[in-house]
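Going by UniProt numbering, the residue at position 73 of the sequence shown is 73; the numbering climbs one at a time, nothing skipped. We treat Cβ as the ideally placed atom computed from N, Cα and C, and that holds for glycine.
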Amino acid sequence: MNIFSGYLSCRPLTSATEQTIDAVLTIIEGDPHSTYQQIETILGISSTAINSTIHDYLNLRKRFEEGQSRRIFDVITGNESRFYHYDPELKEQSKVWMSTTDPRPTKVYRNKSAGKRMVAIFFVKSGLIKFVPLETGATVNATAGMSTHAYHKSSQPYLNEEKRE
């Protein structure tokens with residue numbers, strides 16, 4: 001005897017009925033780009049039930065269109081990096097007078113950097129697009145990034161004035 005039979009009898013065993021599975025399949029076949037939220041509002045079932053229906057019963061996976069779409073190559077990303085540069089001591093400057101019995105001197109200090117420069121680097125999947133040294137104290141924001149003219153190997157302008165308008 002099941003002590004929970006009376007308590008659970010009013011609840012459905014699962015939301016994955018034949019009707020639900022067919023309805024989810026119809027929605028996905030109609031629009032392969034449909035989201036969990038869209039299916040949830042249409043059918044009125046939880047996202048957990050939708051997830052189990054799609055993955056367990058229909059055995060579907062959402063994948064990127066391999067080989068058919070080249071849009072991944074259009075994604076541009078960037079980064080700001082700070083590069084330090086040094087003025088190394090010349091060999092003549094590092095020489096010291098010593099007795100022949102003294103041990104060799106060791107240089108234990110590091111010179112301070114001569115300066116630093118902030119650089120914005122833009123790149124796509126296939127490689128570097130543009131390397132932009134910034135003015136002192138400047139950073140790249142959306143406006144500065146969009147006004148930069150960056151070109152790829154195919155000479156297609158990725159970031160230009162026309163695309164902002």
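Identify the residues that DSSP records as bridge partners of residue i: which are they?
i	result
Glu80	Ala120
Leu25	Answer is none; Leu25 lacks a bridge partner.
Gly115	His85
Gly127	Val124
Pro133	Val119
Can you tell which of the options has the C-alpha that lies nearest to the C-alpha of residue i?
i	options	result
Glu18	Lys112, Arg82, Val96 and Leu58	Leu58
Leu134	Leu128, Gly127 and Val119	Val119
Gln37	Ser47, Val132 and Gly30	Ser47
Thr20	Ile76, Asp31 and Asn51	Asn51
Ile129	Asp74, Ala16 and His55	Asp74
Val124	Thr77, Gly44, Thr35 and Thr26	Thr77
Val132	Asn79, Met98 and Asp56	Asn79
His85	Val96, Asp102 and Lys112	Lys112
Asp56	Gly44, Ala16, Ser34 and Ser94	Ala16
So is residue i buried or exposed if we call it buried at 16+ other beta carbons inside 10 Å?
i	result
Ile42	exposed
Phe122	buried
residue 214	The requested residue 214 is not part of the displayed model; the chain covers only 1 to 165.
Val24	buried
Met1	Because the pLDDT at Met1 is just 45, under 50, the model does not fix this residue reliably, and the point stays unresolved.
Thr53	buried
Gln156	Confidence in Gln156 is poor, its pLDDT being 44 and thus under 50, which makes the residue's placement too unreliable to answer from.
Go ahead and pull the three-state DSSP assignment for residue i.
i	result
His85	strand
Gly30	helix
His152	Because the pLDDT of His152 is 41, which lies under 50, any placement of that residue in the model is unreliable, and the number read from its coordinates should be weighed accordingly. Three-state result, His152: coil.
Gln93	coil
Asp102	coil
Ala16	coil
Leu60	coil
Thr35	coil
State the CB to CB distance for the pair residue i and residue j, rounded to an integer number of angstroms; the pair is presumed to be in contact (CB under 8 Å).
i	j	result
Leu60	Ile28	7 Å
Arg82	Lys116	5 Å
Val96	Pro105	6 Å
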